[in-house]
Amino acid sequence: MKQFSALLEQLYYTHSNLGKEALLCDYFATTPDPDRGYALAVIAGTLKLPNFKRSMVLDLIRSRTDATLLAMSQDYVGELSETVAHLWPNINGTVAELPALHTVIENLRTIRKEALPEYIASLLDCMTSPERWALLKIGGGNLRIGISARFIKQVLAKFSDQQVEQIESLWHGLEPPYVSLFAWLEHKADAPIVTERLTFTPVMLAHPLEDSDFSRITADAYAAEWKYDGIRVQLVHNGIGKALFTRTGDDIGHAFPDVLARMNFHGTIDGELLVKHDDIIGSFNELQQRLNRKNPTAKLIADYPTAIIAYDALFLDDRDIRSLPYDTRRDLLANALATYQPTNMELSPQIPFTCFNDLVTARDTCAGQKIIEGLMLKRRDSPYVAGRPTGPWYKWKNEPRLVDAILMYAQRGSGKRSSFYSDFTFGLWRGNEILPIGKAYFGFTDEELKLLDKWVRHHVQHKFGPVVEVDKELVFEVAFNAVHRSPRHKSGFALRFPRIHRIRWDKPAQEADTMQVLESMLDR
Amino acid sequence: MHPRQWIEIRPEGIYCKPGNFYIDPSRPVEHAVITHGHADHARGGHGTAIATPETLAIMRVRYGQEHATVEQRALPYNHPILYNDVTISLHPAGHILGSAQVRLEYEGSSIVFSGDYKRAADPTCPPFEPVPCDVFVTEATFALPVFVHPPIAGEIAKLLHSLHLFPERCHQIGVYALGKCQRVIMELRRAGYAETIYLHGAMVKLCALYQDFGIDLGSLEQVTVENAKTLAGKIVLCPPSALDDRWSRKLPDVLTVAASGWMRIRARAKQKGVELPLIISDHADWNELTHTIADVGAPEIWVTHGREEALVYHAHQNGVKAQALHMLGYEDESE
């Protein structure tokens, strides 16, 4: 338990992913089973302790501290786990050894609900504040140590030199403390066999289309589809149950019970998840209202109805069809959709073309539609393979939209960039006023960053903590994929993927663009 | 006569009417008593400045040899003087070198302004002495029960362990130039760290002053353009404001460390980009504050500088009369 607490502490304060990866690999290499597997579960958020509740922690601390001082403390600290960790009266002093992590977790899992508070209190009594925080975080989920579900699998891949895709495909079939997983990762056993569980199948990804690839794209060899701006998902239904995964294998089914409910045939579908009001596809912004909501209300589901645009099928009627050519898989998928007629699931339409110029035209006409990011080009004879092979699939994104905006505020970055002003907020003219339209922290070179940092330091008007307001003199050519209305932003607009395209050292701020220019780019 | 009747809050600071002097005034005045050398308490340009010899020396480093226009009056600890009918004495506060509590006595009643203080041991200054009085004025910087400063030896051990784990990284520690800097150096020496410690320019003169007062800080060197590149695996001390500024760019693979009581709060440390937070404070934590109120045993306390509300609440719960100092003069007349 002490080592686990030390690990969480170090992960919390380490900025760089490389640093986090090194800490985790070292921990996995030096910690025995089943402790490391439980640690992995806590970090990946897969450990379920239904009896370890926030309300129980609240009751424990309330019976030990003055209510007013508790309220003042929590108001100051913000987070309950940390407040309790700091406030807990240290009656037994701290001890040199705590029980092993697996002992603690197995007790947390098995002790009767009524006896659990007493057990947790007995541990808290002999811990330091960081150790108490770690214990409370085991129960409280959400660690906020900057480690995503995807990242932890990449770390495991690095730890073991196995493919991350294979780890992702096994992941949902395994349970804490992951002893069989670690045995395989350390080459001491074969990959664990998972049959009884719903698992994620690694997805196929596309390469960007380069100018030199244009000549390959013929109507005989390739099919064209729209590239939608939703989120790529894998929808699974088989004898075990149903699941909805992101393209990196995160299970998001809990946020989309409506999608799962409508899936009415056995298969594994690769598609795009979107918001759709009758025939009109909603913006990514609307889809965001549905993401990360664990238990969406009926109202939220009604306000932001979802739909799936099906690109491909990996399994149908429990048969693996990944080795069949794209054209065949698509026919099978079309048949399944026609047979079962699932609500709000449609086949991704193909764009007819005879020569490459038709595609150029198609891409130009779709530019400006917020829901379409560009084109997908797929070899008709290609099997469905995991990863990003070169050749079978290409993505050909729309040209970005550009505006000339004025730098308004700058903020220092983090990690390597902590001494540089590297996060920039920029705006456009409305009358004599400049309204902020977005923020970007990439798109420039390291050399340009040095120049920008210097410019900011010489043009500071006001400081607001880490943020400085600068003279409204420097113009950025800002690129972005789409713009839509947003009541949450002062200007009333929000940009999708804004980045600094060019620094216009030469352009006077007076000649920067106005809000009307942005408004004219609003998506239809 | 109750101190309420002869102490008042003025724009310049706390004013003692019968003595015609201020305590730690924030702008130049004719007569000032200074608790300690930190810039929010000690300023240059007073007429007469009364303080411990150490504090006056610190003020000379910071504000020049002639920082007081009329007189620098050195008053050692526990040597009462009579000043315009008011008896003034200074007593150790345990905060930094020269830091003092100011006790004032007038017409049979007394008040102690403790300034900033702590109760934990500090090799650079004598420990806080509880002084009996009718009103005790306490700071409240860390006056919430979540603030408990762990023993400093453990925090120093964390730093030394990190140096051992990351011998290729320059450990840059943000510390106040006055007090914290020298205390951290002394604690490193005590833990057996004998290597040269490197200093930001802002710290050099104050460290030399500490050495003049017989506090042996060991081998120190200023960071220069020439030696900066060679400081991998070394300890560099700088003011907190220099931690994430351009200054640090010349150092090799910096590991950002901060030594402060605020480092207890995770989000606060993280927001500052600190990779190794050390909870080291020259202010009393919650337990020290509450114990001190009991130790001093004054029937009434006034609370200033920080989270007054929680400490006033605590005092009331324990039957001690208490109010926030900034409310002085605004209380209910009937009280």
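Note that the protein sequences, when read in sequence, are chains A and B. Under numbering that gives the first Met the number 0, think of the first position of the first sequence as 0, with each following residue one higher. Under numbering that gives the first Met the number 0, think of the first position of the second sequence as 0, with each following residue one higher. The C-beta atom is built at its ideal place from N, Cα and C for all residues, glycine as well. Note that the structure is a prediction, hence the values are computed from the model and not measured.
*Please compile the residues from chain A whose C-beta is within a distance smaller than 7 Å of the C-beta of Leu275 (chain B).*
As a first step, residue 275 (chain B) must be located in the second sequence, where it is residue number 276. Ordered by position in chain A, the residues that pass the 7 Å Cβ test against Leu275 (chain B) are Tyr12.
_Tell me the rounded alpha-carbon separation between Ala152 (chain B) and Ala190 (chain B)._
Counting from 1 along the second sequence, the entry for residue 152 (chain B) is found at position 153. Counting from 1 along the second sequence, the entry for residue 190 (chain B) is found at position 191. Straight-line Cα distance between these residues: approximately 8 Å.
*Nearest to Pro149 (chain B) by CA position, among B:Ile300, B:Leu277, B:Leu310, B:Lys228, is which residue?*
Counting from 1 along the second sequence, the entry for residue 149 (chain B) is found at position 150. If you compare the alpha carbons of B:Ile300, B:Leu277, B:Leu310, B:Lys228 with that of Pro149 (chain B), the shortest gap goes to B:Leu277.
*Are any of the Cβ atoms in chain A nearer than 8 Å to that of Ala266 (chain B)?*
Residue numbering aside, residue 266 (chain B) sits at position 267 when the second sequence is read from its first letter. For Ala266 (chain B), the nearest beta carbon of chain A is closer than 8 Å to its own beta carbon.
*Straight-line Cα distance separating Ala99 (chain A) from Leu327 (chain B)*: Taking the second sequence and counting its residues from 1, the one referred to as residue 327 (chain B) is at position 328. Taking the first sequence and counting its residues from 1, the one referred to as residue 99 (chain A) is at position 100. Answer to the nearest angstrom: the Cα atoms are 55 Å apart.
_Residue burial classification, Asp115 (chain B) (beta-carbon count within 10 angstroms, cutoff 16)_ = The residue you call residue 115 (chain B) lines up with position 116 of the second sequence. Under this definition Asp115 (chain B) is a buried residue.
*Val258 (chain A) vs Thr305 (chain A) beta-carbon contact at 8 Å*: Taking the first residue of the first sequence as position 1, residue 258 (chain A) is located at position 259. Taking the first residue of the first sequence as position 1, residue 305 (chain A) is located at position 306. Result yes, Cβ atoms of Val258 (chain A) and Thr305 (chain A) sit closer than 8 Å.
_chain B residues whose Cβ lies nearer than 8 Å to that of Thr342 (chain A)_ = Taking the first residue of the first sequence as position 1, residue 342 (chain A) is located at position 343. In chain order: nothing, as chain B lies at least about 45 Å away.
_Minimum Cβ-Cβ distance from Ser240 (chain B) to chain A less than 8 Å_ = By 1-based counting over the second sequence, the position of residue 240 (chain B) is 241. No - not a single Cβ of chain A is within 8 Å of the one on Ser240 (chain B).
*asked:* Which residues in chain A have a C-beta closer than 8 Å to the C-beta of Glu308 (chain B)? List them in chain order.
replied: Sequence index remark: in the second sequence, residue 308 (chain B) carries index 309 (1-based). Residues of chain A passing the Cβ test: Met71.
_Secondary structure of Glu154 (chain B), DSSP reduced to three states_ = On the second sequence, position 155 is the one that residue 154 (chain B) refers to. DSSP places Glu154 (chain B) in helix when its eight states are reduced to three.
_Sequence-distant residues of the same chain with beta carbon closer than 6 Å to Pro497 (chain A), five excluded per side_ = Within the first sequence, numbered from 1, the residue matching residue 497 (chain A) stands at position 498. Within the same chain, Gly437, Ala439, Val477, Phe479 come within 6 Å of Pro497 (chain A) by CB-CB distance, once the 5 residues on both sides are set aside.
_Contact residues within the stretch 185-210 of chain B, judged by C-beta distance below 7 Å to chain A_ = When CB distances to chain A are screened at a threshold of 7 Å, not a single residue of the stretch 185-210 of chain B falls below it.
*Check distances from the C-beta atoms of the stretch 225-253 of chain B to those of chain A and list, in chain order, the residues that come in under 7 Å.*
From the stretch 225-253 of chain B, only Asp243, Asp244, Arg245, Ser247, Arg248 have a Cβ closer than 7 Å to chain A.
*Report yes or no: do the stretch 282-289 of chain A and the stretch 236-244 of chain A share at least 3 C-beta pairs separated by less than 8 Å?*
Contact between the stretch 282-289 of chain A and the stretch 236-244 of chain A is absent, because fewer than three Cβ pairs lie under 8 Å.
*Step through the CB atoms of chain A and report whether any lies within less than 8 Å of the CB of Lys269 (chain B).*
Residue mapping note: residue 269 (chain B) aligns to position 270 of the second sequence, counting from 1. Output row for Lys269 (chain B): interface = yes.
*Please confirm whether Phe165 (chain B) and Leu254 (chain B) have their CB atoms less than 8 Å apart.*
Position 166 of the second sequence, counted from the start, is the residue given in the question as residue 165 (chain B). Position 255 of the second sequence, counted from the start, is the residue given in the question as residue 254 (chain B). Yes.
*Does the separation of the CB atoms of Tyr177 (chain A) and Ala40 (chain A) fall below 8 Å?*
Position 178 of the first sequence holds residue 177 (chain A). Position 41 of the first sequence holds residue 40 (chain A). Between Tyr177 (chain A) and Ala40 (chain A), the gap from beta carbon to beta carbon is short of 8 Å.
_Quick check: is the beta carbon of His85 (chain A) nearer than 8 Å to any beta carbon in chain B?_
The residue you call residue 85 (chain A) lines up with position 86 of the first sequence. Yes, His85 (chain A) lies at the interface with chain B (some Cβ there is under 8 Å from its Cβ).
*Which partner residues does Met344 (chain A) have in the DSSP bridge list?*
The residue labelled residue 344 (chain A) in the question sits at position 345 within the first sequence. Bridge partners of Met344 (chain A) according to DSSP: A:Ile307.
*Leu219 (chain B) beta carbon less than 8 Å from that of Leu198 (chain B)*: By 1-based counting over the second sequence, the position of residue 198 (chain B) is 199. By 1-based counting over the second sequence, the position of residue 219 (chain B) is 220. Cβ distance < 8 Å, so Leu198 (chain B) and Leu219 (chain B) count as in contact.
_Rounding to the nearest angstrom, what Cα-Cα distance links Ile280 (chain A) and Val103 (chain A) in this structure?_
Within the first sequence, the letter at position 281 stands for residue 280 (chain A). Within the first sequence, the letter at position 104 stands for residue 103 (chain A). Note on geometry: alpha-carbon atoms of Ile280 (chain A) and Val103 (chain A) lie some 49 Å from one another.
*asked:* Which residue marks the beginning of the beta strand (DSSP E) containing Tyr76 (chain B), and which one marks its end?
replied: Taking the second sequence and counting its residues from 1, one reaches residue 76 (chain B) at position 77. Run containing Tyr76 (chain B): none; DSSP gives neither H nor E here.
*asked:* What residue range does the beta strand (DSSP E) around His564 (chain A) cover?
replied: Residue numbering for chain A in the displayed model covers 0 to 523; residue 564 (chain A) lies beyond these limits and cannot be assessed.
*Using beta-carbon positions only, say whether Ser381 (chain A) and Tyr325 (chain A) come within less than 8 Å of one another.*
Looking up residue 381 (chain A) in the first sequence gives position 382. Looking up residue 325 (chain A) in the first sequence gives position 326. Less than 8 Å divides the Cβ of Ser381 (chain A) from the Cβ of Tyr325 (chain A).
*For Ile42 (chain A) and Leu7 (chain A), the rounded distance between their alpha carbons*: Here residue 7 (chain A) corresponds to residue number 8 of the first sequence, with the count starting at 1. Here residue 42 (chain A) corresponds to residue number 43 of the first sequence, with the count starting at 1. Rounded to the nearest angstrom, the two C-alpha atoms are 9 Å apart.
_Against chain A, which members of the stretch 154-168 of chain B pass a CB distance test of less than 9 Å?_
Within the stretch 154-168 of chain B, no residue has a Cβ that lies closer than 9 Å to any Cβ of chain A.
*What residue ranges within the stretch 244-304 of chain B form continuous alpha helix (DSSP H) runs of no fewer than 4 residues, ordered along the chain?*
Entirely contained in the stretch 244-304 of chain B, the alpha helix (DSSP H) runs reaching 4 residues are, in chain order, 265-270, 285-295.
*Determine, using beta carbons only, whether Thr364 (chain A) comes closer than 8 Å to chain B.*
Residue numbering aside, residue 364 (chain A) sits at position 365 when the first sequence is read from its first letter. Chain B contact via Cβ: absent.
_Measuring alpha carbon to alpha carbon, tell me which residue in B:Trp5, B:Gly44, B:Ser25 is nearest Gly63 (chain B)._
Start at 1 with the first residue of the second sequence, and residue 63 (chain B) comes out as number 64. Checking every option, the nearest Cα to that of Gly63 (chain B) belongs to B:Gly44.
*Thinking C-alpha only, which one of A:Gly44, A:Trp225, A:Met55, A:Ala66 is nearest Lys377 (chain A)?*
Counting from one through the first sequence, the residue named residue 377 (chain A) turns up at place 378. Ranking A:Gly44, A:Trp225, A:Met55, A:Ala66 by CA distance to the CA of Lys377 (chain A) puts A:Trp225 first.
*Which chain A residues sit within Cβ distance under 8 Å of Pro27 (chain B)?*
Taking the first residue of the second sequence as position 1, residue 27 (chain B) is located at position 28. The premise fails here: Pro27 (chain B) is roughly 27 Å from chain A at the closest Cβ pair, so nothing lies under 8 Å.
*asked:* Counting only C-beta atoms, is Gly296 (chain B) closer than 8 Å to chain A at any point?
replied: Reading the second sequence from its first residue, position 297 is the one you call residue 296 (chain B). No, Gly296 (chain B) lies away from the interface with chain A (no Cβ there is under 8 Å from its Cβ).
*asked:* Can you check whether the C-beta of Pro150 (chain B) is within less than 8 Å of a C-beta belonging to chain A?
replied: The residue you call residue 150 (chain B) lines up with position 151 of the second sequence. So, not an interface residue.
_8 Å Cβ cutoff met for Leu107 (chain A) and Met55 (chain A)_ = As a working mapping, residue 107 (chain A) is identified with position 108 in the first sequence. As a working mapping, residue 55 (chain A) is identified with position 56 in the first sequence. With a cutoff of 8 Å on beta-carbon distance, Leu107 (chain A) and Met55 (chain A) are scored as not near each other.
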